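The following block contains the structure:
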């Protein structure tokens, strides 16, 4: 069994950046449990870990981000 990581938790939110109309997933995010905390996607999950579903963990689409940011 693979160790639980932040990236598969329902509380983890991935961060993105964009440059010249390209959107990139950056190597950080935050945990929304209780108070927001900076986290790395591959960090070992904490005691508040709750396995997320595919829908909860799906990344925001590039089209959505372009529409919202540009």
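Residue numbers (the numbering used here): 9 to 78.
Glycine included, every Cβ here is placed at the ideal spot set by N, Cα and C.
Computed from a prediction, not measured in an experiment: that's the story for all the values here.
Go through its chain and collect everything with a Cβ distance to residue i's Cβ below 6 Å, but skip five positions before and after it.
| i | result |
| --- | --- |
| residue 44 | 38 |
Is residue j closer than 8 Å to residue i when the C-beta atoms are compared?
| i | j | result |
| --- | --- | --- |
| residue 18 | residue 60 | yes |
Per DSSP, residue i is paired with what?
| i | result |
| --- | --- |
| residue 37 | 22, 47 |
Taking just the CA atoms, how far does residue j sit from residue i?
| i | j | result |
| --- | --- | --- |
| residue 28 | residue 51 | 30 Å |
| residue 57 | residue 75 | 32 Å |
| residue 53 | residue 24 | 21 Å |
| residue 31 | residue 20 | 19 Å |
Pick helix, strand or coil for residue i, following the three-state DSSP scheme.
| i | result |
| --- | --- |
| residue 54 | coil |
Which same chain residues, not among the five before or five after residue i, have their C-beta less than 8 Å away from its C-beta?
| i | result |
| --- | --- |
| residue 48 | 14, 35, 36, 37 |
Is residue i near the ligand MG - that is, is its Cβ less than 7 Å away from at least one heavy atom of it?
| i | result |
| --- | --- |
| residue 29 | Annotation note on the ligand MG: not contained in the displayed structure, which lists no ligands. |
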